[in-house]
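A.B. asks: Heads up: the sequence shown begins at 0 in numbering that gives the first Met the number 0, then just goes up one per residue. Structure incoming, see below.
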Amino acid sequence: MRDILQLGNLTLERRRIAVLYHAMVECGMLPSLEIIERPFRWIFTDINEAAKTLLQKSGIKSCTPQNFENFENYLSKLLKPDENGNFVFIKNTKQALYTNYFKNG
Numbered sequence: 000m001r002d003i004l005q006l007g008n009l010t011l012e013r014r015r016i017a018v019l020y021h022a023m024v025e026c027g028m029l030p031s032l033e034i035i036e037r038p039f040r041w042i043f044t045d046i047n048e049a050a051k052t053l054l055q056k057s058g059i060k061s062c063t064p065q066n067f068e069n070f071e072n073y074l075s076k077l078l079k080p081d082e083n084g085n086f087v088f089i090k091n092t093k094q095a096l097y098t099n100y101f102k103n104g
C-alpha cells in the first residue's frame, strides 16, 4: 500500500512504536507520547571495523576500494578515540517515550 501511494518505508522502530501505541489504546489506555533526544554511542576497535559496520547497517553491500578508503578517511575525522584505543561514534538520537497514560473506565 505504501508503495502504491509512493510513501517511504517506515523503519521497524517506528512500526513497533505505532503497534504499541494502538495496543495501549485498545486496552483502554490513552498514552502520552513524547519524542526525546538522547546520546547514542557506538564503539569500534578500529576505523576499518567502523567503516564495514556502518556501510552494512546502511544497506550498502559493496563499494569500490577507493570509495571505501574515502569513507574510512571521513570516519577518521568523525570518530573520537577513547582512553582504551577504541573509536567512538557519538550523536544525539530521537527516541519515543510513553510518559503517562489515562485509563478509560
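Glycine is no exception: its CB is placed at the ideal position from the N, C-alpha and C atoms.
From ASN47 to GLU71, what distance separates their C-alpha atoms?
C.D. replies: Distance between the alpha carbons of ASN47 and GLU71: 7 Å.
A.B. asks: Do GLU36 and ASN157 count as a contact pair if the criterion is CB distance below 8 Å?
C.D. replies: Residue 157 lies beyond the stretch modelled for the chain, which goes from 0 to 104, so this question has no answer here.
A.B. asks: For PHE39, count neighbouring Cβ atoms within 10 angstroms of its own Cβ and tell me buried if that reaches 16, exposed if not.
C.D. replies: With fewer than 16 Cβ atoms within 10 Å of its Cβ, PHE39 is classed as exposed.
A.B. asks: Do PHE43 and ASN85 have their C-beta atoms closer together than 8 Å?
C.D. replies: Result yes, Cβ atoms of PHE43 and ASN85 sit closer than 8 Å.
A.B. asks: Determine the direct distance from the alpha carbon of ASP45 to that of LEU78, and round the result to whole angstroms.
C.D. replies: Computed Cα separation, rounded: 10 Å.
A.B. asks: Exposed or buried, which one is MET0 when buried takes at least 16 other CB atoms within 10 Å?
C.D. replies: Reliability of the predicted coordinates at MET0 is poor, the pLDDT of 47 falling under 50, and the value obtained from them is presented with this limitation in mind. Counting Cβ neighbours within 10 Å, MET0 comes out exposed, since fewer than 16 surround it.
A.B. asks: Could you give the C-beta distance for LEU11 and ALA49, rounded to a whole number, given that I count them as a contact under 8 Å?
C.D. replies: About 23 Å; that fails the 8 Å criterion.
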